[in-house]
Amino acid sequence: MSLFYGIAFAVSLLMLAIYFRTDRQRELWLMLLFIFVTISNAGYLALSLSRSLTAALLANTVAYLGNVFLPFFLLMMVLQLSYVRYPRYLSVVLIVLNTVMFLIATSGGYCPVYYKEVTFEIVEGAAHLVKVYGPLHGLYKVFVLAYFGAIIGIICYTAVKRTAVSTKHTAFLALVLLGNIALWLVENITGSKFEFLAISYLMTEGLILLLYGILQDYENAHPASNPGELVYADADMVEGTAQNALLTPADNQQPFSDGQIADIFAHWTQTQDLTQREAEVLKFILEKRKRKDIAQVLFVTESTIKKHTANIYKKLEVANRTELFEKAAAYISK
0 MSLFYGIAFA
10 VSLLMLAIYF
20 RTDRQRELWL
30 MLLFIFVTIS
40 NAGYLALSLS
50 RSLTAALLAN
60 TVAYLGNVFL
70 PFFLLMMVLQ
80 LSYVRYPRYL
90 SVVLIVLNTV
100 MFLIATSGGY
110 CPVYYKEVTF
120 EIVEGAAHLV
130 KVYGPLHGLY
140 KVFVLAYFGA
150 IIGIICYTAV
160 KRTAVSTKHT
170 AFLALVLLGN
180 IALWLVENIT
190 GSKFEFLAIS
200 YLMTEGLILL
210 LYGILQDYEN
220 AHPASNPGEL
230 VYADADMVEG
240 TAQNALLTPA
250 DNQQPFSDGQ
260 IADIFAHWTQ
270 TQDLTQREAE
280 VLKFILEKRK
290 RKDIAQVLFV
300 TESTIKKHTA
310 NIYKKLEVAN
320 RTELFEKAAA
330 YISK
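To convert, note that position 88 of the sequence shown is 87 in numbering that gives the first Met the number 0; the numbers rise steadily by one, no gaps.
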């Protein structure tokens, strides 16, 4: 069994290396997910190789660091990839809750709330912790199921609102989640001493890398790659080039106020054809935000904002930011 955990740890290191080579944007939640999978598998390997109760408890703590925080990273990543708006304080609140859960889950051997008793044994050369569950052990299952439920809700919302990049996007998110739930249930129902989560984490990483590859292909596709599709210029896209001289009148426009933007959305009927995320991006554009700033606020890449901007220009029938500001001004109540 130690051999398998060693292979799982080696594969997770390989996945981490592939991630850093693939994701040059360094998406925060995606990066943390890959790092913590490696940490968790390192904990499983160290636990199987432990030869004392103290060492096993320490390794168990490392493994739980991944077990507790990985559902959180997966949730935040799904929120980001699904283009679902959420309060900025959500991540802070969840970090606090996860930290409390982590402290409870790793209290074994020190406080009898999660495990009443913990002893140490070696079976077929691999170490195991023999646990007698305490009153708060069921809290971890509720904690995990709550995350799974939240992610299912987001995926369903994504499917209904069609905020995802494509149906493949939604299908992969659902597949990642269902695979994790299935393996987690197998582990809990069978009571096996083998940690099925080690397999679940590797499966998650593989599917996410595949999904990220699909999204990268989508973002890197040129707007004019489809026959008959128009190319719309954004002043930010050609900054520093001679073409920018043709678009500079937009720079002389003042940002629209919140009230003016509300008027624009209320009276410009074509804005109703925009998706929720496109409407969000349009609002930032009307506030004279740069593409880089919009990407940071929405936790997406600049390429994604570029794609949304092109779609906005097409739906609103404008060629560039200058025309956008000129047409928008006509819909402001005098």
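C-beta atoms are modelled at their ideal positions from N, C-alpha and C, and glycine is treated no differently. Just so you know, these numbers come straight off a predicted model, no measurement behind them.
Separation of residue j from residue i, as counted between CA atoms
i	j	result
L74	G152	11 Å
D272	I284	17 Å
A334	A158	The shown model of the chain, from 0 to 333, leaves out residue 334, and the question about it has no answer.
I121	G107	18 Å
G65	L102	13 Å
I331	K291	27 Å
C155	R87	22 Å
A328	Q295	27 Å
L93	Y139	14 Å
W267	V317	13 Å
N310	E279	13 Å
M202	S11	10 Å
N97	C110	18 Å
G5	G137	29 Å
E325	I150	41 Å
E322	R20	39 Å
Simplified DSSP assignment, three categories, for residue i
i	result
E120	strand
L289	Position check: residue 289 holds Lys in this sequence, whereas Leu was assumed. If DSSP states are grouped into helix, strand and coil, K289 belongs with coil.
V36	helix
A126	strand
V131	strand
Y114	strand
M0	coil
F255	coil
A149	helix
S302	helix
D319	Contrary to the premise, residue 319 reads as Asn rather than Asp in this sequence. Three-state DSSP puts N319 in coil, outside helix and strand.
E26	coil
V143	helix
T60	helix
I198	helix
P86	coil
A16	helix
Cβ separation of residue i and residue j, assumed to be a contact under 8 Å, to the nearest whole Å
i	j	result
F119	A126	7 Å
A62	S39	5 Å
K314	Q253	Not a contact, Cβ separation roughly 24 Å.
E277	H307	5 Å
F33	Y18	4 Å
M76	W28	4 Å
Residue i burial status per 10 Å Cβ neighbour count (16 or more: buried)
i	result
Q275	exposed
V67	buried
T105	buried
Y132	exposed
A241	Unreliable positioning characterises A241 in this predicted model, as indicated by a pLDDT of 35, which lies under 50. The coordinate reading is nonetheless provided below. With fewer than 16 Cβ atoms within 10 Å of its Cβ, A241 is classed as exposed.
V36	buried
P70	buried
L2	exposed
T53	exposed
R320	buried
A204	One point to set straight first is that residue 204 is Glu, not Ala, in the sequence displayed. E204 comes out buried.
V143	buried
A7	buried
A181	exposed
S9	In the sequence on display, residue 9 carries Ala and not Ser. Burial call: exposed.
Any non-hydrogen atom of the ligand MG closer than 7 Å to residue i Cβ
i	result
K305	Annotation note on the ligand MG: not contained in the displayed structure, which lists no ligands.
Query raised in the report: Quick one: any contact between the region 300-311 and the region 253-262, if contact means 3 or more CB pairs under 8 Å?
Result: At 8 Å Cβ cutoff, the stretches do not touch.
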